[in-house]
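Those protein sequence lines, which keep their order, are chains A and B. Residue numbering for the first sequence follows my numbering, starting at 1 and increasing by one per position. Residue numbering for the second sequence follows my numbering, starting at 1001 and increasing by one per position. Every residue gets a Cβ at the ideal spot worked out from N, C-alpha and C, and that includes glycine.
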Amino acid sequence: MALLLVLALGVADLNTSSSIDAQVARGHYPVAPKLHDALPLLGASGKESLADLHGKVVLLNVFASWCQPCAAEAPLLERAQHLLMRHDGTVLGVTYLDNSGDSEAFMRQHHLTYPAVSDVSGNLVRSFGVTGVPETFVINRSGRIQALLRSQLDGQWLNQTLPKILGLST
Amino acid sequence: MTRPAPRIALIAALALLLSATGALAAAPKVSLTAVEMQYMCTSCHEPLAMVESPQAQSEKQYLRGLIGQGLNARQIQHQMVAQYGLSVLAKPPARGFNLTVYILPPAILVIGIAGLIYTLPKWRARARRAAAEHPQGAPPLAPGDAERLDDDLARFI
């Protein structure tokens, strides 16, 4: 019985990522999960949830300080933050499988100015079907996942994705 | 007349005692090798001592920091869970769904033993019945077969 339950939970976990990916690919953008889960902010007191950012375009980036691709994409994320800030949006870093001291050092080292939260339990990232780092999701102003990338960011993807979601492209 | 030698010796002994106490206080209460088996690499799901992935190295570095602060095993565990979540523990706490880890193996063992206690006498009784029905074991060979077998054996021996 317990083994069956474990199997079912595993299959359900796999389905989370594939169903989000499939819905985004079909253009049926799913509502971002765990909108009201408030997570502790890195390097600051207080907590932040996706619901707090409702109405903004949020580029949610899951990262860890020990992850080389995360370091490689950091300058792109900071550039995206400058663009998003001008158009009522933000990057939100979510550190996962990392200790907060190292994550804060990573943010400082790469001069990242956007807010970041720590998902110690992994509940938020799991609900997005995250299986590793880095992974990136773009949540539109309606709180729906409109784009995602389950690998290292590249400038081309950002240039194609962000202006469209911000309503800047013709 | 003063006698400085015993006083100097006393001061030296006190200084030695104080430095030894200080060293004892600063000495780590646990070693990395002693505690790393209690933790998992949370991204690779392997015991921390067995892997050298970037995430495992980061965890080990954090552990070294905690050990260097002189924390005891319980305090280290508290800090590790606070930073990495419950999945960092090699031995999950016995509550909630984790209870299955502790209950399931002995339950399976008990059920298995009970099953054997129930079925073994039946198997043995069935074997005894079969033996009683066929007391001579295998049926005798037909004369032609026996002759051919003898010939074959004579050729090979």
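Cβ of residue i within 9 Å of any chain A Cβ
i: residue 1085 of chain B; result: yes
i: residue 1077 of chain B; result: no
i: residue 1139 of chain B; result: no
i: residue 1054 of chain B; result: yes
i: residue 1024 of chain B; result: Because the pLDDT at residue 1024 of chain B is just 46, under 50, the model does not fix this residue reliably, and the point stays unresolved.
i: residue 1059 of chain B; result: yes
Opening and closing residue of the alpha helix (DSSP H) in which residue i lies
i: residue 1157 of chain B; result: Here residue 1157 of chain B belongs to no alpha helix (DSSP H), and DSSP marks it neither H nor E.
i: residue 83 of chain A; result: 68-86
i: residue 113 of chain A; result: It is not in any alpha helix (DSSP H) - residue 113 of chain A carries neither H nor E in the DSSP assignment.
Candidates the options, of which the one nearest residue i by Cα
i: residue 22 of chain A; options: A:128, A:109, A:69; result: A:128
i: residue 1055 of chain B; options: A:140, A:149, A:164, A:103; result: A:103
i: residue 117 of chain A; options: B:1083, B:1143, B:1139, B:1042; result: B:1083
i: residue 1040 of chain B; options: B:1071, B:1081, B:1141; result: B:1081
i: residue 34 of chain A; options: A:145, A:79, A:26, A:108; result: A:145
i: residue 151 of chain A; options: A:71, A:108, A:51; result: A:71
Length of the line joining the Cα atoms of residue i and residue j
i: residue 65 of chain A; j: residue 136 of chain A; result: 15 Å
i: residue 119 of chain A; j: residue 38 of chain A; result: 9 Å
i: residue 63 of chain A; j: residue 1094 of chain B; result: 31 Å
i: residue 1049 of chain B; j: residue 1090 of chain B; result: 11 Å
i: residue 1151 of chain B; j: residue 1157 of chain B; result: 10 Å
i: residue 1023 of chain B; j: residue 30 of chain A; result: Annotation note: pLDDT 47 at residue 1023 of chain B (below 50); position unreliable, coordinate value reported separately. Their backbone Cα atoms lie some 59 Å apart in a straight line.
i: residue 32 of chain A; j: residue 106 of chain A; result: 26 Å
i: residue 168 of chain A; j: residue 114 of chain A; result: 21 Å
i: residue 1154 of chain B; j: residue 1143 of chain B; result: 17 Å
i: residue 1131 of chain B; j: residue 1116 of chain B; result: 22 Å
Range covered by the beta strand (DSSP E) that runs through residue i
i: residue 1072 of chain B; result: Where residue 1072 of chain B is concerned, there is no enclosing beta strand (DSSP E), given that its DSSP letter is neither H nor E.
i: residue 1141 of chain B; result: Here residue 1141 of chain B belongs to no beta strand (DSSP E), and DSSP marks it neither H nor E.
i: residue 128 of chain A; result: No beta strand (DSSP E) contains residue 128 of chain A, which DSSP labels as neither H nor E.
i: residue 1097 of chain B; result: Residue 1097 of chain B -> no beta strand (DSSP E), and no H or E assigned at all.
i: residue 121 of chain A; result: No beta strand (DSSP E) holds residue 121 of chain A; DSSP gives it neither H nor E.
CB contact below 9 Å: residue i versus chain B
i: residue 21 of chain A; result: no
i: residue 140 of chain A; result: no
i: residue 64 of chain A; result: yes
i: residue 100 of chain A; result: yes
- Task: Assess, as a yes-or-no matter, whether the segment 1113-1124 of chain B is touched by the segment 156-167 of chain A under the definition of 3 or more beta carbon pairs within less than 8 Å.
- Result: no
- Query: Three or more C-beta pairs closer than 8 Å, one from the segment 39-49 of chain A and one from the segment 74-83 of chain A: is that the case here?
  - Reply: no
- Message: Count Cβ pairs between the segment 1101-1120 of chain B and the segment 107-122 of chain A that sit closer than 8 Å; are there 3 or more?
- Response: no
- Check whether the segment 79-94 of chain A touches the segment 1052-1067 of chain B, counting contact only when three or more Cβ pairs, one atom from each stretch, lie closer than 8 Å. no
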